[in-house]
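Data first, discussion second: the structure below is written as structure tokens.
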Amino acid sequence: MAQDEREMKVVYERPHALLPVVTNYCPGCPHGIVERLVAETMDELDIEGDAIGVAPVGCSVMAYDFFGCDMIEAAHGRAPAVATGVKRVHPDKIVFAYQGDGDLASIGMAETIHAATRGENIVVIFINNAIYGMTGGQMAPTSLPNQVTQTSPYGRDVATAGNPIRVSELLATLDGPAYIERVCVDSPKNVRKAKKAIKKAFQNQVDGVGYSFVEVVSTCPTNWGMTPQDAFAWMRENMLPYYPLGVYRDVVADGFANAAEAASARNAACPIAHPEKKGEN
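Numbering (the working numbering), first residue to last: 37 to 317.
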């Protein structure tokens with residue numbers, strides 16, 4: 037049988053939720069990988085028509101050009117606040133914010149923390165490449181100690197700039213989040229793990245489990261001044277020891293139905309939080 041007569045099997049195709057347009061991310065930028073994983077998740081959960089994404093300022097703002105679902109642009113750092121408003125007005129919709137570290141961990145830190153502590157039933161995808169990408173490579177809250185950036189040409193001095201913020205660990209101290217995981221996309225194995233985490237986050241929202249946060253340790257080859265291969269190597273050597281991969285909160289795995297139930301169990305010893313227990317002793 038001639039090769040062109042054999043039955044062909046599709047092994048790879050563009051997700052329906054990812055629009056057939058040319059992306060404008062820099063060569064080697066992991067944004068495209070992560071956005072494909074989000075689109076695959078929307079396809080597999082059949083939620084594209086019910087999904088609403090929120091893109092703030094930074095490289096992540098371009099997400100509205102690539103997803104087939106409804107998208108809203110938010111002011112710098114305000115994506116969680118906008119996502120909160122959308123979800124409360126449309127509780128039947130699947131709402132997610134797609135943010136970078138300069139946006140989420142700097143000007144948007146208040147919105148990040150308060151949406152998480154309220155346990156808003158939304159998904160936040162957080163791209164951490166340790167730098168301000170779109171605006172030229174300035175030092176971000178996540179830039180590593182001694183990391184050279186446009187605004188720290190001699191390296192980040194922790195004596196004056198402080199230490200980087202570990203956002204997943206910070207949010208894990210709050211009672212509101214249902215699920216927090218840190219992943220990366222530097223290899224096929226890690227891409228699969230990242231996809232699993234992103235899909236779990238969206239499934240949590242579908243099931244009403246609560247606030248889900250997926251941090252993706254990433255690279256910025258352009259502003260780091262490296263090839264994509266060298267950038268991934270630098271990330272593995274320097275970023276992953278500071279930002280360890282793994283699950284930082286999973287209330288379902290801990291045996292709870294949702295974040296509120298888990299929070300109630302953690303504050304069980306507080307009388308004012310549990311007035312229904314008065315008189316039981």
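Glycine included, each C-beta is placed from N, C-alpha and C at the ideal position. None of the values given here were measured: they were computed from a predicted structure.
Using the Cα positions of residue i and residue j, report the straight-line distance between them to the nearest angstrom.
i      : j      : result
Arg50  : Asp128 : 27 Å
Val97  : Asn226 : 25 Å
Gly113 : Tyr134 : 11 Å
Glu273 : Asp266 : 10 Å
Arg228 : Ile83  : 20 Å
His150 : Ile201 : 16 Å
Glu251 : Thr209 : 16 Å
Val184 : Tyr279 : 18 Å
Lys232 : Leu281 : 14 Å
Lys314 : Ser300 : 15 Å
Arg302 : Cys65  : 40 Å
Trp270 : Lys123 : 38 Å
Gln186 : Arg192 : 10 Å
Val57  : Phe102 : 7 Å
Ala230 : Phe249 : 12 Å
Met145 : Ile108 : 19 Å
Pro311 : Ala304 : 10 Å
Val46  : Pro264 : 28 Å
Thr178 : Met262 : 19 Å
Pro181 : Thr148 : 23 Å
Asp139 : Val194 : 21 Å
Pro277 : Tyr168 : 21 Å
Going by beta-carbon coordinates alone, are residue i and residue j separated by less than 8 Å?
i      : j      : result
Ala166 : Met275 : yes
Ala237 : Val287 : no
Asp137 : Ala176 : yes
Ala152 : Leu207 : yes
Asn157 : Gln239 : no
Quick one: measure Cβ to Cβ for residue i and residue j, integer angstroms, because I've assumed they're closer than 8 Å.
i      : j      : result
Gly121 : Cys105 : Contact flag wrong, Cβ pair sits at about 17 Å.
Thr196 : Cys62  : Contact doesn't hold; Cβ gap of about 30 Å is too wide.
Asn294 : Gly244 : 6 Å
His67  : Cys95  : 6 Å
Glu205 : Val283 : About 12 Å; that fails the 8 Å criterion.
Ser254 : Asn199 : With 8 Å as the limit, Ser254 and Asn199 do not qualify as a contact, their Cβ atoms being about 20 Å apart.
Ala110 : Pro92  : 5 Å
Phe268 : Asp222 : 5 Å
Leu54  : Glu71  : 7 Å
For residue i, tell me which candidate among the options has the shortest Cα-Cα distance.
i      : options                           : result
Cys220 : Phe162, Thr258, Gly94 and Tyr247  : Phe162
Ile130 : Gly68, Met145, Asp79 and Gly136   : Asp79
Pro224 : Gly64, Phe103, Arg42 and Ile69    : Ile69
Thr77  : Asn182, Pro277, Phe132 and Pro56  : Phe132
Ala115 : Pro311, Ala296 and Ala141         : Ala141
Trp260 : Lys235, Val242, Ser188 and Glu312 : Ser188
Ala297 : Cys306, Gly246, Pro264 and Pro311 : Residue identity differs from the one stated: residue 297 is Glu in this sequence, not Ala. Nearest option by C-alpha distance: Gly246.
His126 : Asp86, Thr263 and Ile308          : Asp86
Gly155 : Ile143, Tyr215 and Met170         : Tyr215
His285 : Lys45, Val203 and Gly173          : The displayed chain sequence assigns Arg, not His, to residue 285. For Arg285, the nearest C-alpha among the options comes from Val203.
Gly173 : Cys256, Val194 and Pro181         : Cys256
Met170 : Asn60, Ala304 and Cys306          : Asn60
Ala75  : Val194, Ile143 and Lys235         : Lys235
What first and last residue would you give for the beta strand (DSSP E) that runs through residue i?
i      : result
Asn164 : Val159 to Asn164
Ser248 : Ser248 to Val253
Ala91  : Ala87 to Ala91
Met175 : Note, Met175: premise wrong, no beta strand (DSSP E); not H, not E.
Met107 : Asp106 to Glu109
Val131 : Ile130 to Gly136
Cys220 : Tyr215 to Cys220
If you follow the alpha helix (DSSP H) that residue i is part of, which residue opens it and which one closes it?
i      : result
Val283 : Note, Val283: premise wrong, no alpha helix (DSSP H); beta strand (DSSP E) at Gly282 to Asp286.
Gly121 : Ala115 to Val125
Arg72  : His67 to Leu81
Val203 : Val203 to Leu207
Asp266 : Pro264 to Trp270
Phe238 : Pro224 to Asp243
Ala296 : Ala295 to Arg302
Glu147 : Met145 to Arg154
Val194 : Val194 to Ala197
Pro257 : Pro257 to Trp260
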